[in-house]
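Novice: Would you mind keeping the following structure in view while I ask a few things?
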Amino acid sequence: MFAPKMYGVCLRYAKDEDTAQDYLQEGFIRVFSHLGNFRHEGSLEGWVRRIIVNTALEKLRKTDIFKNSLEVETALNKASDGAQVIDQINTADLLQLIQSLPSGFRTVFNLYAIEGYTHQEIGDLLRISEGTSKSQYSRARQWLQQRIIQKEKSDGKAR
Amino acid sequence: MEKPGDELKDLFFENLHDFEMKPPQGLWDSLSQKLDAELAVGNKGESDKVLILFRQKFADFRKNPPETVWNKIEQHSIRQNRRRLLIFATAAAAMLLLALLPLRMMIFNPVTEIPSGLSKTSQLSTPLEQVVSNAREAKAQTETSQQRTSKTLAMSSFAPGSESHAGNQPLSPEVNKQEVEYNAVFEEKVNEAIVSAETKFLPEEKPTPSEDRMSRALLAARILNQKADFELDDQRRKEKTARERYNVSLAYGSVPGGSVSATELLYENTNVRYRNDAFQSEMAYQTSFYEEIESTDVNPPLTLGLKLSYQVGKRIHLETGISYTSLSVISKSVEMENAYNEYERSLYYLGLPVGLRWDAVSAKQFRLYLAQSVMIEKGLKAINRNLHYENNKLFESSHFGMNIPGFQLSSLTTAGADLSLYNNFSMFGEAGLQVFFLNSTQPFSMRSAKMAWPVFQTGIRMNF
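If you're matching them up, the sequences are chains X and L in order.
Going by my numbering, 103 is the number at position 103 of the first sequence; the sequence numbering is gapless.
Going by my numbering, 384 is the number at position 384 of the second sequence; the sequence numbering is gapless.
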C-alpha cells in the first residue's frame, strides 16, 4: 500500500536506484518485524515513513556523508546566481538532480526542504552542528539552482 | 439610575450574544489551501523558490519498487526462520549431549570385574607389584589364621602361652600347632613370591648357599619395605585422587572493556530481539517508537558464580553450580528545549550452568583446559527507572520493579588456565564466547542487541 510512496522517499535519499532498493528492503523488514509496536495512535503511513527515513539515515551515517562537500563548494563559487527557477521542470529530472548531489547535501536538503525538519533537528539526527546543517542546505540549494538553470538553458537551445 | 447607553448595549447583547450562522461553503477549503501555501513557504522565506519547487514536486511523489525487492524481503524472512531453527536445534543437541554423556560413561565404563579363575596377581602389570601382591595375600591369610586363632582362644577359657590374650598365658599345644602351620603357609607364600621375583630381577648365575640365604633375607626385607612403601603410596594416591575428584570454585565474570554504545544496539535494529513489556511500550511511545533515542549505553555485566565440579573421567570434569548476573542498560533521548529523558533498566538473573571441562594439559602446578556448558537463567527482577533532566539537572524521577517471565538460555565455550596456589587452592582464568538464545522472551539488554558476547571469568578453585 505504502510501497510506491516509500520507494519515492528512498529514491530521494539514495544516490541510485539500487541503493534506494536496499533502503526500502531494510526499511520494510524493520516495519514488518516491529509492526506489533505500532499503537494505532497516529498515522500508520507516518510511522512507516519515519522508519524508512531512519533506515536511510542510519545507512548514510555509516559512510562519511560530507566527504565530497569541499569539491562542490569550489564549483559553486564560480556559479552565477541570477537566473529564475523554472516551475515546469518535471519530477524525474528533479529526482535525478537530487540523486546527483553529494550525499551530505542530499541528506540535509531532503530533511529540510522536503521532510520539513528544522536545522536543529537535522543536527541532532545527523550528529552535526546546526550551522553545518544550514551551510549544507544553502550550498545544496545553490548547487541545485545552478543545475536547474543549466538544464533549462540546454533544453531551450534544443527547442 | 439607568443610563440610556446601557439599553442599547443590552439590546445588542441580547440579540447577538448567542447568534449563530453557518459559514459560507468552501471557506474551510480556501483556508486550508492558504495554510498549505504558507506552510510550503514557511519560515524559509518566500524567496526560496527551489525549496517550494521541490516540495511541490515531491509532495506526492511515488514510484513502484521492482518485484525483486519483495523477493529479497521474503528470502530474508525465510533465512531468518531457518537460522532461528538451526540455533534451537544446536542448543537442543548440545543439551541432549551433555545430559547423555555422563550416562554413557556410567554404562560403558563399569567397575572392572575380575573373572573367576584369575587372581588379582595375574592382572598386575609389574613384577614388583606381583611380588607385593603375593606377599599381601600371604599376609592376609596369616592374619585370617591369627584371627581364627584368637577366636579359638577367646572361645576357650584357658589359653596358656599366649602373649596377646588372657593375661600373657602360654598358648595350648593345639593352638601353637595351628600357629606354626599358618606361619609355615605364610613363609611358603613369601618364599614363592621371592622365588618369583628372583627369576625376574636377579642375575641367572647361582649364588653360594650362604649368599643365597643372605640375598633371600635382604630381598625379603626389601620386599617388605617396598611393600610398606608401596601400600603407603597407594593409599596416599587413592586418598589424593578421591580428594581431588571434587572441586568448588568461586568465580567473578564480566565483559572486558567499558560501556558499549553503537548503532547495532538500537531498539529498532532488525537483529534485536526482546520482549515488549509495559516499560518498553511506554518508552517506545514516549520516544516516537525509539526514533528519539540518541544513545543506548550498555554497562558491563557483572557475574558471580559458585561452581561445583566432579571428575568423571581421567581428564573430564562434570561442572554445575549457580550464577548471579546483573545487567544494566541506559537509553538517552534526544535533547529538546534543554530537556531529555533517561530510561534505565537493571535486570537480575539467577542461572544454572551444566557443562564439561576437559584438561588439555595437566602439569603439577598448572593445567590448561577447555570447557563447554549450557546455562539456563531465570530473571529475578527488573528495576526500571525513568529520569527526566532539564538544563542537565535531574528534574524528576520514577522507578518501579517488574517480574521477568520466561527463561534465558545460553551456551558458554571457554578456554582456561588453572594455577596452583597453596595446598588445595588454585587460581583460574577463563576466556571464551557466550551465545544467548530465547532473547525475544526477555526484556531488552545487551543480550537482545547481540547474541554472541566475549566472556572473561576469574576466581579461586578449591580441590577436596
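Virtual Cβ for every residue (Gly too), placed ideally from N, Cα, C.
Because the structure is a prediction, the values reported are computed rather than measured.
According to DSSP, what are the bridge partners of Asn403 of chain L?
Specialist: Under DSSP, no beta-bridge partner is assigned to Asn403 of chain L.
Novice: State the DSSP-derived secondary structure class of Thr152 of chain L, mapped to helix, strand or coil.
Specialist: Since pLDDT at Thr152 of chain L reaches only 46, below the 50 mark, its modelled position is unreliable, and no value is offered.
Novice: Based on DSSP bridge pairs, tell me the residues matched to Met427 of chain L.
Specialist: L:Leu419, L:Ile460
Novice: Hey, Gly401 of chain L and Ile383 of chain L are a contact pair by Cβ (cut 8 Å); roughly how many whole angstroms apart?
Specialist: 6 Å
Novice: Taking C-alpha atoms, which residue in L:Trp70, L:Leu51, L:Asp29 lies nearest to Ser7 of chain X?
Specialist: Position check: residue 7 of chain X holds Tyr in this sequence, whereas Ser was assumed. That would be L:Trp70, whose Cα lies nearest to the Cα of Tyr7 of chain X.
Novice: Would you report the Cα separation of Gly416 of chain L and Gly253 of chain L, rounded to the nearest angstrom?
Specialist: 13 Å
Novice: Are the Cβ atoms of Leu94 of chain X and Trp143 of chain X separated by less than 8 Å?
Specialist: no
Novice: In the DSSP assignment, what are the bridge partners of Gln130 of chain X?
Specialist: In the sequence on display, residue 130 of chain X carries Glu and not Gln. Answer by DSSP bridge pairing: none, since Glu130 of chain X is not bridged.
Novice: Considering only DSSP beta bridges, list what Pro353 of chain L is partnered with.
Specialist: L:Met375
Novice: Below 8 Å between beta carbons: does that hold for Ser534 of chain L and Glu294 of chain L?
Specialist: Only positions 1 to 464 of chain L appear in this structure, which leaves residue 534 of chain L out of reach.
Novice: May I have the straight-line CA-CA distance separating Ala449 of chain L from Ser328 of chain L, to the nearest angstrom?
Specialist: Going by the C-alpha atoms only, they are around 13 Å apart.
Novice: Residues in its own chain within less than 6 Å of Arg447 of chain L by CB, not counting five upstream and five downstream?
Specialist: Phe436, Asn439
Novice: Tell me, which residues are paired with Val248 of chain L by DSSP?
Specialist: According to DSSP, Val248 of chain L bridges with L:Leu308, L:Met462.
Novice: Taking Arg106 of chain X as the query, report the chain L residues whose CB atoms sit under 7 Å from its CB, ordered along the chain.
Specialist: Under a criterion of Cβ atoms nearer than 7 Å, no residue of chain L is adjacent to Arg106 of chain X; the nearest Cβ is some 12 Å distant.
Novice: Just verifying my parser: in three-state terms, what is the DSSP assignment at Leu412 of chain L?
Specialist: strand
Novice: Could you work out which residue in X:Ile114, X:Lys151, X:Gln120 is closest to Leu53 of chain L when comparing CA atoms only?
Specialist: Sorting X:Ile114, X:Lys151, X:Gln120 by C-alpha distance to the C-alpha of Leu53 of chain L places X:Ile114 at the top.
Novice: Check Ile89 of chain X in the structure and name its three-state DSSP category.
Specialist: coil
Novice: What does the alpha-carbon distance come out to for the pair Arg147 of chain X and Lys15 of chain X?
Specialist: 16 Å
Novice: Do we get a CB-CB distance below 8 Å when we pair Ile114 of chain X with the residues of chain L?
Specialist: yes
Novice: Determine, using beta-carbon pairs with one atom in the segment 379 to 393 of chain L and one in the segment 323 to 342 of chain L, whether at least three such pairs fall under 8 Å.
Specialist: yes
Novice: In the structure shown, what three-state DSSP assignment does Ser157 of chain L receive?
Specialist: The pLDDT assigned to Ser157 of chain L is 40, lower than 50, so where the model puts this residue is not dependable; a value taken from the coordinates is nonetheless given after this. DSSP places Ser157 of chain L in coil when its eight states are reduced to three.
Novice: Have a look at Gln120 of chain X and Ala339 of chain L and give me their C-alpha separation to the nearest angstrom.
Specialist: So the alpha carbons of these two residues sit roughly 14 Å apart.
Novice: Kindly indicate which three-state DSSP category Met6 of chain X falls into: helix, strand or coil?
Specialist: Helix at Met6 of chain X.
Novice: How many angstroms separate the CA atom of Leu368 of chain L from the CA atom of Thr458 of chain L?
Specialist: 14 Å
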